[in-house]
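Asks: Structure incoming, see below.
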Amino acid sequence: MSADARSAPHSIGSAVASASSTTSSPSAAEPRLLAGSPIAAEIRAGLSRDFAAFKERHGYAPTLAIVLVGADAPSAVYLQQILRTCAKVGVLGRLVEIGSDVTPDAVCTEIEKLNDDPAVAGIIVQMPLPAHIPLATVIDSIDPAKDIDGIHPRNAGLLALGYDGFLPATAQASVEILKRSGIEIAGKRVVVVGRSNVVGKPASLLLLREHGTVTICHSKTRDLSRQTREAEILIVAAGKAGLITGDMLSPGAVVVDVGINVVGDTLLGDVDFESARGVVSAITPVPGGVGPLTNAILLTHLLAAATAQAERATAKRAPGTRDD
Ligand code: NAP
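So for the sequence shown, this note's numbering puts the first residue at 76; every next one is plus one.
Structural data, given as structure tokens:
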């Protein structure tokens with residue numbers, strides 16, 4: 076295990092620790108809205124200070140490299156968001172655009188150049204990749220110390236074992252929004268709908284780490300509503316607009332809707348908000364829930380990666396330090 080991977084945080088840094096619970100003020104009949112934007116704004120404010128201090132100490136602003144293979148309209152929207160967030164907090168965003176007609180080897184070569192570039196502290200690869208580029212090959216080529224979205228098998232393994240490593244930012248955001256809103260997870264019956272490597276599975280492991288009693292559902296789960304009705308806390312990351320309706324929820328449940336579905340010109344979650352609102356005690360809105368928090372959390376990982384790399388470089392330069 077590299078020193079960087081070991082020293083990366085499993086809980087997010089000081090910037091997040093200072094963010095407080097933020098909710099709207101619902102009427103008696105309305106559920107509490109768990110809004111991510113104000114929490115994200117607090118995290119970004121902390122990050123701006125922390126990246127300014129990093130630049131002062133080390134003499135450069137770290138770079139986040141975003142690898143985009145082929146053109147994909149939803150990716151383009153996301154990329155503009157993350158690049159704007161980088162600019163706001165003093166991070167250099169570098170978009171590495173690769174045409175879709177490349178070989179898997181060519182993609183890995185580009186990533187290896189970023190691995191070797193000391194200015195680049197973190198690398199994310201925009202999904203989905205073109206069908207002929209194997210995801211596992213690309214993921215394996217990322218240096219785990221720069222894998223700030225926790226997709227490399229080393230970071231995924233660290234999470235599974237409960238060790239420190241980079242966490243997938245969306246999964247972390249879905250748990251962090253509960254914690255920052257003061258919602259107790261320990262001992263609760265938690266149901267997660269979705270088992271992807273980037274959201275459902277890591278979110279389940281994080282909820283287990285928080286001592287929830289976790290059930291994971293997926294497309295082959297029989298009688299999904301029987302499972303979801305058991306949930307005191309329900310996390311939904313299925314990518315199916317309106318999959319979960321009010322009749323599938325237990326009264327007073329807390330719901331985190333990770334889904335982002337573009338339907339016509341509207342963004343919809345995986346939970347049918349209108350039918351859920353009369354049943355649940357708290358729910359994340361879409362948009363404005365988990366989404367805004369994800370980018371802010373990703374940049375807390377970038378800060379941790381940049382700091383670990385800069386300190387290692389400083390230690391290597393120190394007189395009498397052996398480079399072994
Ligand atoms: P994904 O890779 O497509 O995984 C979807 C998961 O949902 C799979 O495990 C699938 O089961 C399960 N599923 C699909 N239909 C289901 C059904 N009818 N009943 C039960 N389970 C079902 O998607 P993802 O990358 O995890 O993303 C999930 C959602 O989160 C998407 O809407 C995505 O846009 C959104 N997202 C949001 C953010 C953010 O920042 N808020 C970031 C990333 C993703 P199988 O494994 O059996 O196929």
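Glycine included, C-beta positions come from ideal geometry on N, C-alpha and C. From a predicted model like this one, the values you see are computed outputs, not experimental measurements.
Answer yes if the segment 171-179 comes into contact with the segment 116-131, meaning at least three C-beta pairs across the two stretches below 8 Å, and no otherwise.
Replies: Touching, no, given that fewer than three Cβ pairs across the two stretches are closer than 8 Å.
Asks: Got a sec? Which residues, its chain only, sit under 6 Å from C161 by beta carbon, not counting five neighbours each side?
Replies: Sequence index remark: in the sequence shown, residue 161 carries index 86 (1-based). Cβ within range, chain order: L139, G168.
Asks: For S279, which residues of its own chain have a beta-carbon under 6 Å away from its beta-carbon, when the five flanking residues on both sides are left out?
Replies: Here residue 279 corresponds to residue number 204 of the sequence shown, with the count starting at 1. So the list reads V267, V289, I291, once near-sequence residues are dropped.
Asks: For V142, name the three-state secondary structure that DSSP assigns.
Replies: Taking the sequence shown and counting its residues from 1, one reaches residue 142 at position 67. Three-state DSSP puts V142 in a strand.
Asks: Report whether the distance from the Cβ of P270 to the nearest heavy atom of the ligand NAP is below 7 Å.
Replies: Counting from 1 along the sequence shown, the entry for residue 270 is found at position 195. Checking the sequence, you will find Arg at residue 270 rather than Pro. Yes, the Cβ of R270 comes within 7 Å of a heavy atom of the ligand NAP.
Asks: Considering only heavy atoms of the ligand NAP, does any lie closer than 7 Å to the CB of A312?
Replies: By one-based count along the sequence shown, residue 312 stands at place 237. Answer for A312: yes, Cβ within range of the ligand NAP.
Asks: In angstroms, rounded to a whole number, what distance separates the CA positions of G317 and G344?
Replies: Translated into the one-based positions of the sequence shown, residue 317 becomes position 242. Translated into the one-based positions of the sequence shown, residue 344 becomes position 269. Taking the straight line from one Cα to the other gives about 6 Å.
Asks: Suppose contacts are defined by Cβ-Cβ distances below 8 Å. Is V144 in contact with I208 by that definition?
Replies: For the purposes of this step, residue 144 is taken as residue 69 along the sequence shown, with counting starting at 1. For the purposes of this step, residue 208 is taken as residue 133 along the sequence shown, with counting starting at 1. In this structure, I208 lies closer than 8 Å to V144 by Cβ.
Asks: Go through its chain and collect everything with a Cβ distance to E305's Cβ below 8 Å, but skip five positions before and after it.
Replies: Within the sequence shown, residue 305 is the residue found at index 230, counting from 1. Taken in chain order, the residues that qualify are R264, V266, T290, S325.
Asks: Could you check if S249 is buried or exposed, using at least 16 other CB atoms within 10 Å of its CB as the buried criterion?
Replies: Within the sequence shown, residue 249 is the residue found at index 174, counting from 1. Flag for S249 reads buried.
Asks: Is A103 helix, strand or coil when you go by DSSP?
Replies: Looking up residue 103 in the sequence shown gives position 28. In this prediction, A103 has a pLDDT of 46, which is less than 50 and means its spatial position is unreliable; what the coordinates show is noted afterwards. A103 falls in the coil class under three-state DSSP.
Asks: Going by C-alpha distance, which of V195, A196, I214 is nearest L204?
Replies: What you label residue 204 is simply residue 129 of the sequence shown in a count that begins at 1. Measuring from the Cα of L204, the nearest candidate turns out to be I214.
Asks: Closest by CA to A261, which one among S356, G275, R284, I141?
Replies: Translated into the one-based positions of the sequence shown, residue 261 becomes position 186. Checked all of S356, G275, R284, I141; the closest Cα to A261 is R284.
Asks: Are L404 and I198 close, meaning C-beta to C-beta below 8 Å?
Replies: Only positions 76 to 399 of the chain appear in this structure, which leaves residue 404 out of reach.
Asks: Does the ligand NAP have a heavy atom nearer than 7 Å to the CB of C183?
Replies: In the sequence shown, counting from the first residue as 1, residue 183 sits at position 108. Flag unset: Cβ of C183 not near the ligand NAP.
Asks: In three-state terms, what does DSSP make of T288?
Replies: As a working mapping, residue 288 is identified with position 213 in the sequence shown. Three-state result, T288: strand.
Asks: Among N336, P277, A206, which residue has its Cα nearest to the Cα of G237?
Replies: Stepping through the sequence shown from its first residue, residue 237 is reached at position 162. Answer by Cα proximity: P277.
Asks: Give the single residue among G321, A371, K254, T359 whose Cα lies nearest to the Cα of Q156.
Replies: Walking along the sequence shown from the start, residue 156 turns up at place 81. With distances taken between Cα atoms, Q156 lies closest to A371.
Asks: Enumerate in chain order the residues of its own chain whose CB-to-CB distance from C183 is below 6 Å, with the five nearest sequence positions on each side excluded.
Replies: Stepping through the sequence shown from its first residue, residue 183 is reached at position 108. Hits under 6 Å: S216.
Asks: Thinking just about the alpha-carbon of each residue, which of E349, A328, P219 is nearest to the one in D400?
Replies: Nothing about residue 400 can be read from this structure; the chain reaches only from 76 to 399.
Asks: Do the CB positions of I319 and T296 come within less than 8 Å of each other?
Replies: In the sequence shown, the residue the question calls residue 319 occupies position 244. In the sequence shown, the residue the question calls residue 296 occupies position 221. Cβ distance not < 8 Å, so I319 and T296 don't count as in contact.
Asks: Measure the alpha-carbon distance for A328 versus L210 and round it to whole angstroms.
Replies: Numbered from 1 along the sequence shown, position 253 holds the residue referred to as residue 328. Numbered from 1 along the sequence shown, position 135 holds the residue referred to as residue 210. Cα to Cα, A328 sits roughly 36 Å from L210.
Asks: In this structure, what does DSSP give as the bridge partners for A357?
Replies: Position 282 of the sequence shown holds residue 357. Looking at the DSSP assignment, A357 forms a beta bridge with R107, V329.
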